[in-house]
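Residue numbers for the sequence shown follow our numbering, beginning at 368 and rising by one.
Since the structure comes first, as structure tokens, the remarks are kept for the end.
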Amino acid sequence: MKTTNIFSNKYLRGGLLIASGLLLGWIFFHNSAPEMAEKTAEIHDHEAEGHDVWTCSMHPQIRKDEPGDCPICGMDLIPLLKSDAVMDDQAIEMSESALKLAEVQTSVVTRGNVSKEVRLYGKIQADERLLKTQTAHIPGRIEQLLVNVTGENVRKGQLIAKVYSPELLTAQKELHEALTMADKYPAMLDAAREKLRLWKLNDQQITDIEKSGKVSTVFDVFATTSGIVANRKVNTGDYVSTGDVLFEMTDLSRVWALFDAYESDLSWISRGQNLEFTAQAIPGKTFSGKITFIDPVVDASSRITKVRVEVPNPGMQFKPEMFVNGIIKSQQAGSGDELIIPQSSVLWTGTRSVVYVKLPGADHPTFKMREITLGSSMKDSYLVMDGLAEGEEIVTNGTFSVDAAAQLAGKTSMMNPSESEGFTLSETLTKLQFKVFGECEMCKDRIETAAKTVSGVKNAEWNAEKQMLHVEFEEAKTNSDTIQKAIAAVGHDTEKYKAPDDVYKKLPECCLYRK
């Protein structure tokens with residue numbers, strides 16, 4: 368009965384439990400004390416041997432001063448020998464397995480020829496030097512128009528119209544009177560004849576007037592030039608004065624192929640280059656010609672300039688306003704021995720371009736960011752002006768993955784600039800995407816060029832399939848509204864702004880996206 372009363376006391380029960388716990392703890396930890404002492408001694412031995420850095424086997428960018436768990440995956444950290452440490456404190460070390468997972472590939476910087484295929488789009492136009500006008504040399508009324516269809520072919524000397532002219536009636540009478548007094552006043556006869564010649568009457572017509580002795584009320588008008596009627600300016604019954612245009616005519620025996628070249632491609636284009644082109648209306652044929660003229664002025668809104676090729680046109684196969692697609696295979700002047708790297712290897716940070724260089728002599732793949740100076744861009748590569756040497760190994764695939772690993776490790780990266788590398792935090796870019804409407808490669812060039820002309824925009828890439836523009840810009844200098852307004856100003860609707868109708872209507876037919 369007394370025993371039951373003792374255990375029913377709650378204070379006594381608590382005291383017994385605490386005593387039991389202390390006893391069990393002493394039993395277990397008393398036996399393991401030698402083992403713990405041994406492990407502690409082992410750790411100190413590691414530190415004495417250089418094991419003062421701890422890392423993760425799956426995430427080698429993790430560096431700790433003491434053992435523990437990996438903050439990324441939770442695995443136990445392992446000691447890292449000083450000899451295995453990264454040789455540069457701003458470099459990023461990655462394991463072979465991490466490289467495979469990230470699909471990181473490298474290549475050696477080599478030399479090669481700097482060449483590019485420049486694609487141009489344009490139209491066939493009439494040669495401006497062969498454009499002519501047929502004017503009225505006789506004032507009067509059009510009694511009959513013998514050429515009255517646009518596109519009609521006219522030969523020089525062909526009868527094109529009959530005109531009633533009161534002035535010519537008077538001139539004929541003066542000629543007849545001068546004939547009667549030719550013996551006394553020969554100069555008067557010459558003056559009367561010259562007056563008719565100035566009205567473009569030929570000698571045969573003047574002779575017929577003299578022989579007939581009659582005054583004609585209607586006179587024939589003959590073509591003074593050959594060509595195709597491009598525009599008819601008069602109708603039967605119209606009154607015309609001397610110098611009024613009757614027809615605008617053009618000679619299509621030789622035409623111009625006028626191409627649009629963006630200013631970013633002008634460094635690859637020069638006079639005398641061979642240009643190959645095809646026409647949609649003439650499938651299966653390739654034509655070629657020399658560039659004879661490059662417009663010295665760049666259009667302020669579209670950022671393009673005109674490139675001209677003169678083309679013979681036998682059989683009139685080329686017609687004005689016909690679409691043509693051209694290619695220039697250009698090679699920049701130089702030794703042909705320039706450093707070239709793939710475009711996939713380059714990252715852009717502010718106004719700078721950087722690559723990740725693989726450091727030689729490291730036990731594990733180790734990379735460090737380096738700023739370089741780029742020259743001309745080609746289809747899939749860049750010319751390197753400064754910052755790399757032949758034989759160096761750089762990351763060409765998976766560059767963003769390496770940069771991400773550097774960010775996680777707190778090393779120099781695009782989002783973690785270092786003053787020692789010449790980067791400043793103010794150059795951190797804002798990334799944005801929004802919808803921009805377009806149709807073809809010409810649209811892509813126009814949209815990207817318009818975006819890049821905005822101060823503060825460092826990169827712009829338009830995806831035609833998704834109709835989305837990806838831009839990178841300095842938020843302190845510009846914003847989304849300013850960029851979208853600049854794109855709308857050159858003729859492309861954005862998700863927020865509509866292009867002016869007059870600008871949109873001036874776009875080439877292949878660029879018209881509004882349905």
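Idealized CB from N, CA, C, for every residue including glycine.
Span separating the alpha-carbon of residue i from that of residue j
{"i": "Val516", "j": "Tyr606", "result": "19 Å"}
{"i": "Ile707", "j": "Asp747", "result": "10 Å"}
{"i": "Gly789", "j": "Glu806", "result": "Below a pLDDT of 50, predicted positions are generally treated as unreliable, and Gly789, at 45, falls in that range; the measurement from the model is reported next regardless. Answer to the nearest angstrom: the Cα atoms are 41 Å apart."}
{"i": "Phe801", "j": "Glu832", "result": "13 Å"}
{"i": "Asp550", "j": "Glu510", "result": "37 Å"}
{"i": "Met752", "j": "Thr740", "result": "5 Å"}
{"i": "Glu445", "j": "Pro727", "result": "The residue you asked about is not Glu; residue 445 is Ile in the sequence shown. Cα-Cα distance, rounded: 25 Å."}
{"i": "Val612", "j": "Phe589", "result": "14 Å"}
{"i": "Asp443", "j": "Thr797", "result": "37 Å"}
{"i": "Ile459", "j": "Phe660", "result": "52 Å"}
{"i": "Gly823", "j": "Asn830", "result": "21 Å"}
{"i": "Ser462", "j": "His731", "result": "6 Å"}
{"i": "Val596", "j": "Pro650", "result": "28 Å"}
{"i": "Arg675", "j": "Val514", "result": "32 Å"}
{"i": "Tyr864", "j": "Leu487", "result": "28 Å"}
{"i": "Glu876", "j": "Gln647", "result": "13 Å"}
{"i": "Gln710", "j": "Ala628", "result": "22 Å"}
{"i": "Arg670", "j": "Gln851", "result": "16 Å"}
{"i": "Gly479", "j": "Glu738", "result": "21 Å"}
{"i": "Pro867", "j": "Ile854", "result": "11 Å"}
{"i": "Gln501", "j": "Ala554", "result": "32 Å"}
{"i": "Ala773", "j": "Asp456", "result": "11 Å"}
{"i": "Ala818", "j": "Ser668", "result": "12 Å"}
Test item: CB-CB of residue i and residue j under 8 Å
{"i": "Val481", "j": "Leu750", "result": "yes"}
{"i": "Leu836", "j": "Ala843", "result": "no"}
{"i": "Arg508", "j": "Gly604", "result": "yes"}
{"i": "Val883", "j": "Ala624", "result": "No answer is possible for residue 883: it lies beyond the span of the chain, which begins at 368 and ends at 882."}
{"i": "Thr592", "j": "Tyr531", "result": "no"}
{"i": "Val635", "j": "Ile694", "result": "First, the amino acid is wrong: residue 635 is Trp here, not Val. Taking 8 Å as the Cβ cut-off, Trp635 and Ile694 do not qualify as a contacting pair."}
{"i": "Thr849", "j": "Val870", "result": "no"}
{"i": "Glu615", "j": "Asn602", "result": "no"}
{"i": "Val838", "j": "Leu799", "result": "yes"}
{"i": "Thr816", "j": "Ser697", "result": "no"}
{"i": "Thr617", "j": "Leu497", "result": "yes"}
{"i": "Glu541", "j": "Ala559", "result": "yes"}
{"i": "Leu536", "j": "Glu577", "result": "no"}
{"i": "Val475", "j": "Gly682", "result": "no"}
Segment limits, alpha helix (DSSP H) that includes residue i
{"i": "Leu497", "result": "Neither: Leu497 is in no alpha helix (DSSP H) and is coded neither H nor E."}
{"i": "Tyr864", "result": "Neither: Tyr864 is in no alpha helix (DSSP H) and is coded neither H nor E."}
{"i": "Ala771", "result": "Thr766 to Leu775"}
{"i": "His543", "result": "Pro533 to Thr547"}
{"i": "Lys746", "result": "From DSSP, Lys746 is part of no alpha helix (DSSP H); its letter is neither H nor E."}
{"i": "Ile516", "result": "According to the sequence shown, residue 516 is Val rather than Ile. Val516 -> no alpha helix (DSSP H), and no H or E assigned at all."}
{"i": "Asp868", "result": "Asp868 to Lys872"}
{"i": "Thr849", "result": "Ser847 to Ala856"}
{"i": "Leu812", "result": "Per the sequence shown, residue 812 should be read as Asp rather than Leu. It spans Glu808 to Lys819 - the alpha helix (DSSP H) in which Asp812 sits, taken as one unbroken run."}
Same chain, Cβ closer than 7 Å to residue i, neighbours up to 5 away in sequence not counted
{"i": "Ser712", "result": "Val722, Ile761, Val762, Thr763 and Thr766"}
{"i": "Asp587", "result": "Leu526 and Lys529"}
{"i": "Tyr880", "result": "Phe804, Gly805 and Glu806"}
{"i": "Gly518", "result": "Ile595 and Val596"}
{"i": "Gln472", "result": "Thr763, Asn764 and Gly765"}
Classification of residue i by the beta-carbon crowding that lies within 10 angstroms, buried from 16 upward
{"i": "Asp436", "result": "exposed"}
{"i": "Asp860", "result": "buried"}
{"i": "Gly639", "result": "exposed"}
{"i": "Leu565", "result": "exposed"}
{"i": "Tyr552", "result": "exposed"}
{"i": "Lys882", "result": "exposed"}
{"i": "Met781", "result": "buried"}
{"i": "Met736", "result": "buried"}
{"i": "Lys872", "result": "exposed"}
{"i": "Gln571", "result": "exposed"}
{"i": "Trp439", "result": "Note that residue 439 corresponds to Ile in the displayed sequence, not to Trp. That one is exposed."}
{"i": "Thr779", "result": "buried"}
Limits of the beta strand (DSSP E) - the one that residue i falls within
{"i": "Glu705", "result": "Glu705 to Pro709"}
{"i": "Thr659", "result": "Ile649 to Ile661"}
{"i": "Ile695", "result": "Phe690 to Gln698"}
{"i": "Glu841", "result": "Careful: Glu841 lies outside any beta strand (DSSP E) and carries neither H nor E."}
{"i": "Pro553", "result": "Note, Pro553: premise wrong, no beta strand (DSSP E); alpha helix (DSSP H) at Pro553 to Leu565."}
{"i": "Val582", "result": "No beta strand (DSSP E) holds Val582; DSSP gives it neither H nor E."}
{"i": "Lys490", "result": "Ser482 to Ala493"}
{"i": "Ala628", "result": "Arg621 to Tyr629"}
Sequence-distant residues of its chain with Cβ nearer than 8 Å to residue i (five each side left out)
{"i": "Cys878", "result": "Gly805, Glu806, Cys807, Met809, Cys810, Arg813 and Gly858"}
{"i": "Lys431", "result": "Val420, Trp421, Thr422 and Leu444"}
{"i": "Met689", "result": "Lys490, Ile491, Ala646, Gln647 and Ala648"}
{"i": "Ala538", "result": "Ala559, Lys562, Leu563 and Trp566"}
6 Å CB neighbourhood of residue i in its chain, flanking five on each side removed
{"i": "Glu643", "result": "Thr653, Ser655 and Ile694"}
{"i": "Pro687", "result": "Ile491, Gln492 and Ala493"}
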